[in-house]
Every structure is written in structure tokens, then in C-alpha cells.
Amino acid sequence: MRIRCIECGSSVGIMDKVYACPKCGGLLDVEYDYDALAETVQKLWSNRPLSVWKYGELLPVLNKTLRVSIGEGGTRLIHCRRLGEKLKLKNLYVKDEGGNPTGSFKDRGMTVGVTKALEFGVKNLICASTGNTSSSLA
Numbered sequence: 099m100r101i102r103c104i105e106c107g108s109s110v111g112i113m114d115k116v117y118a119c120p121k122c123g124g125l126l127d128v129e130y131d132y133d134a135l136a137e138t139v140q141k142l143w144s145n146r147p148l149s150v151w152k153y154g155e156l157l158p159v160l161n162k163t164l165r166v167s168i169g170e171g172g173t174r175l176i177h178c179r180r181l182g183e184k185l186k187l188k189n190l191y192v193k194d195e196g197g198n199p200t201g202s203f204k205d206r207g208m209t210v211g212v213t214k215a216l217e218f219g220v221k222n223l224i225c226a227s228t229g230n231t232s233s234s235l236a
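Mapping the sequence shown onto my numbering, position 138 (from 1) lands on 236, and the numbers just tick up by one.
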């Protein structure tokens, strides 16, 4: 896994506290070597419980002991047979994110974000939200 600027191609370290490319100000993107991960992750993932952390090898957190989680992810898929028929889609499913701890998909990112903040040594977190983001952070 590496973090690279989509504008100039510069790489930054996974433990660098940057939000934009230090060279050009461009957006940063995470790149994976999926071929290298393919065999390893299939064996690992098949034995893990459903959660965001099942896919830990793809998340930007290095210290597994710092994980902050109350069961995010692993939400159910609902087969929408009748709607699928109307739309001429045989296998239409929707993801029920209401099964997350605060009932929002925001819990998925927040568990990773809070854990990464701890990895950086952050002691206090705040967010500007009166909705799902603040509920998830709380």
C-alpha cells in the first residue's frame, strides 16, 4: 500500500500527517498491489468475522492493537426481487447500513479515522456536524 498524488505522482508515507500533496497540493490516493495481496487476503478474510476490520490489510492503520470498534460493518444485503424485476435486474441487492452502531454508513469510516488518530497520538477529536458524523464520532 502506498499513498500517491494523483496530479504529480509523488508518494507520501503512510505515517505522514498530510492531507494534500506537499509538492503540488494535489489530491492523495491510496494505491494497492492487488496481485501481491490476492493469495494472502483470501485465506485471511475467509476466517474473519464480518466487520470493517476484516479487511485490515487494505486500511491505512499499522497498529492493530489500537483499533477502536463497536461492530461497524458486516451489515446485511437485502435481495430486492420485485424491484429487480421492474428494472430487469435479476440479482438486485441493497446494503442495509442501518445495522451499523449508529445506523449510518459513516460508522465505517469513523472506526478507521479514530483508530488512525490514535496511531498518530491524537488525544482529542472534534468534528463540525450535527448529524450522523457527530453521532458516529461520539
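In this text, a Cβ means the ideal position worked out from N, Cα and C, and glycines have one as well.
Give me the Cα-Cα distance between residue i and residue j, rounded to the nearest whole angstrom.
i      : j      : result
Leu187 : Asp194 : 19 Å
Is the beta carbon of residue i sitting closer than 7 Å to the one on residue j?
i      : j      : result
Val150 : Val212 : no
Leu148 : Gly124 : no
Lys158 : Ile112 : Sequence check: residue 158 is Pro here, not Lys. Yes. Within cutoff.
Could you spell out the range, first to last residue, of the alpha helix (DSSP H) harbouring residue i?
i      : result
Glu129 : Not the alpha helix (DSSP H): Glu129 falls in the beta strand (DSSP E), residues 126-129.
Who are the near neighbours of residue i in its chain, counting only those whose CB is closer than 8 Å to its CB and skipping five residues on each side?
i      : result
Leu175 : Tyr191, Val192, Lys193, Asp194
Trp143 : Lys152, Tyr153
Using a Cβ-Cβ cutoff of less than 7 Å, which residues in the same chain neighbour residue i once the five nearest sequence positions on both sides are dropped?
i      : result
Pro199 : Ile168, Gly169, Glu170, Asp205
Val139 : Glu155
Leu181 : Leu190
What are the start and end residues of the beta strand (DSSP E) that includes residue i?
i      : result
Lys193 : 191-193
Leu242 : Limits of the chain in this structure are 99 at one end and 236 at the other, which puts residue 242 out of reach.
Arg206 : Premise fails: Arg206 lies in the alpha helix (DSSP H), 204-217, not in any beta strand (DSSP E).
Identify, in the order they occur along the chain, each residue of the same chain with its Cβ nearer than 6 Å to the Cβ of residue i, setting aside the five sequence neighbours on each side.
i      : result
Val110 : Ile101, Val116
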